[in-house]
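This report refers to the structure that appears directly beneath it.
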Amino acid sequence: MSSAEPAPPRRLQDFFALSGRWVLEARRALADVSTWRPHLIPQMRRLGVDSVPVALFIAVFTGMVLALLSSYMFTRAIPLYFVGTLVTKAVMLELGPVLTGMALAGRVGANVAAELGTMRVTEQVDALETLAISPHAYLVTPRVLAATLMFPVVTALAIAVGVLSGWFTAVNILDLTTSEFLRGAQQFYKFKDIWFGLVKSASFGTAVATMGCFQGLQARGGAEGVGKATRYSVVLGCEAILVLDAFWALVLL
9 MSSAEPAPPR RLQDFFALSG RWVLEARRAL ADVSTWRPHL IPQMRRLGVD
59 SVPVALFIAV FTGMVLALLS SYMFTRAIPL YFVGTLVTKA VMLELGPVLT
109 GMALAGRVGA NVAAELGTMR VTEQVDALET LAISPHAYLV TPRVLAATLM
159 FPVVTALAIA VGVLSGWFTA VNILDLTTSE FLRGAQQFYK FKDIWFGLVK
209 SASFGTAVAT MGCFQGLQAR GGAEGVGKAT RYSVVLGCEA ILVLDAFWAL
259 VLL
């Protein structure tokens, strides 16, 4: 007798089944515009505008450190005006979007997971279903769309502040002139440098908010379950950012 083929792992089956259900629910939720549209603007303020101080704080010190490190690396080997090149390129292409995304993964992802997880364990999500209101349209869609729209805005502000911080450091500490810094910034500038970071940040926002919503709605077991969902949402959000960062670098650069 021939032995039966081994069945795929149960966890893998559950994962694909759950992913399929979420895709179907996402399509229905996006179509239910009247449910999620009133909540979009408040979520954009909560997830985006309220995150600006954190992003700018990180950007200030990122620009300063980049300017100081580049001057150290370029000693006697490369003209010092290349400080402007390194600061602008690194902030626009990589450090601005990624560091901002990581910071917002902690703030936005944890916030979304904790809020939805609390609603799940206190049966508020079940109450929405009882009232024939789609939890995905009411809770998930406005948060995911808000994060997708606002992450590029926050990232653009962080990039601008990071470059200004690097310029300020170069002029006041490294004794570069503004014209020298701008010469370095324009040396290898391409228009792609701007939109590349913004495209990445939009995908980061989608991933972070999706992870937070997914973990929050899967929370079980009271306060302990909400804590686990919050922790997993931050970890998975950061991992998703790193994977997407590598993906966009392979595709667009």
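Under our numbering, the first residue of the sequence shown carries the number 9, and numbering increases by one thereafter.
Glycine included, every Cβ here is placed at the ideal spot set by N, Cα and C.
By a C-beta neighbour count over all protein chains shown, 10 Å radius and 16 as the cutoff for buried, is residue i buried or exposed?
{"i": "ALA15", "result": "At ALA15 the pLDDT is 48, less than 50, meaning the model places this residue with poor confidence and gives no usable figure here."}
{"i": "LEU250", "result": "exposed"}
{"i": "ILE49", "result": "exposed"}
{"i": "PHE204", "result": "buried"}
{"i": "PRO61", "result": "exposed"}
{"i": "VAL148", "result": "buried"}
{"i": "TYR3", "result": "Outside the displayed range of the chain (9 to 261) lies residue 3, so it cannot be described from this structure."}
{"i": "ALA135", "result": "exposed"}
{"i": "VAL242", "result": "buried"}
{"i": "GLN223", "result": "buried"}
{"i": "LEU103", "result": "buried"}
{"i": "LEU101", "result": "buried"}
{"i": "ALA257", "result": "exposed"}
{"i": "PHE255", "result": "exposed"}
Can you give me the C-alpha to C-alpha distance between residue i and residue j, rounded to a whole angstrom?
{"i": "GLY268", "j": "ALA67", "result": "Look at the range of the chain in this structure, 9 to 261, and you will see that residue 268 is not part of it."}
{"i": "ALA12", "j": "ALA25", "result": "Confidence at ALA12 is low in this model, with a pLDDT of 47, below 50, so the placement of that residue should be treated as unreliable; the coordinate-derived value is given next. So the alpha carbons of these two residues sit roughly 23 Å apart."}
{"i": "THR130", "j": "GLY230", "result": "8 Å"}
{"i": "ARG53", "j": "MET158", "result": "9 Å"}
{"i": "SER173", "j": "LYS198", "result": "21 Å"}
{"i": "THR126", "j": "VAL120", "result": "10 Å"}
{"i": "ARG35", "j": "SER78", "result": "47 Å"}
{"i": "TRP175", "j": "GLY233", "result": "46 Å"}
{"i": "THR70", "j": "PHE196", "result": "20 Å"}
{"i": "PRO105", "j": "PHE212", "result": "9 Å"}
{"i": "ASP271", "j": "HIS47", "result": "Nothing in the structure corresponds to residue 271, since the chain is present only between 9 and 261."}
{"i": "GLY245", "j": "ASP201", "result": "24 Å"}
{"i": "ILE86", "j": "LEU182", "result": "14 Å"}
{"i": "LEU206", "j": "ASP253", "result": "12 Å"}
{"i": "THR186", "j": "VAL179", "result": "7 Å"}
{"i": "GLU188", "j": "THR177", "result": "13 Å"}
{"i": "ALA145", "j": "LEU139", "result": "13 Å"}
{"i": "PRO143", "j": "ARG228", "result": "16 Å"}
{"i": "LEU38", "j": "ALA248", "result": "22 Å"}
Hey, would you say residue i sits closer than 7 Å to residue j, going by beta carbons?
{"i": "VAL133", "j": "SER59", "result": "no"}
{"i": "ARG191", "j": "TYR89", "result": "yes"}
{"i": "GLN51", "j": "ALA154", "result": "yes"}
{"i": "ALA118", "j": "THR238", "result": "yes"}
{"i": "THR108", "j": "ALA164", "result": "no"}
{"i": "VAL112", "j": "CYS221", "result": "For the record, residue 112 in the displayed sequence is Leu; it is not Val. No, the pair does not count as a contact, with Cβ atoms beyond the cut-off."}
{"i": "ALA210", "j": "THR156", "result": "yes"}
{"i": "LEU32", "j": "ARG128", "result": "no"}
Which whole-angstrom value is the C-beta distance of residue i and residue j, which I expect to be below 8 Å?
{"i": "ALA75", "j": "VAL91", "result": "6 Å"}
{"i": "GLN55", "j": "VAL95", "result": "Contrary to the premise, residue 55 reads as Leu rather than Gln in this sequence. The pair is not a contact, with the Cβ atoms about 28 Å apart (cut-off 8 Å)."}
{"i": "THR93", "j": "ALA166", "result": "Wrong, their Cβ atoms sit about 19 Å apart, outside the cutoff."}
Could I get the ranges of all uninterrupted alpha helix (DSSP H) runs contained in the stretch 106–177, with 4 residues as the minimum, in chain order? Taking only runs of at least 4 residues, the alpha helix (DSSP H) segments lying wholly in the stretch 106–177 are 118–129, 132–138.
Restricting to runs no shorter than 3 residues, where is the beta strand (DSSP E) found entirely within the stretch 56–93? Scanning the stretch 56–93 from its first residue to its last, no whole beta strand (DSSP E) run of 3-plus residues comes out.
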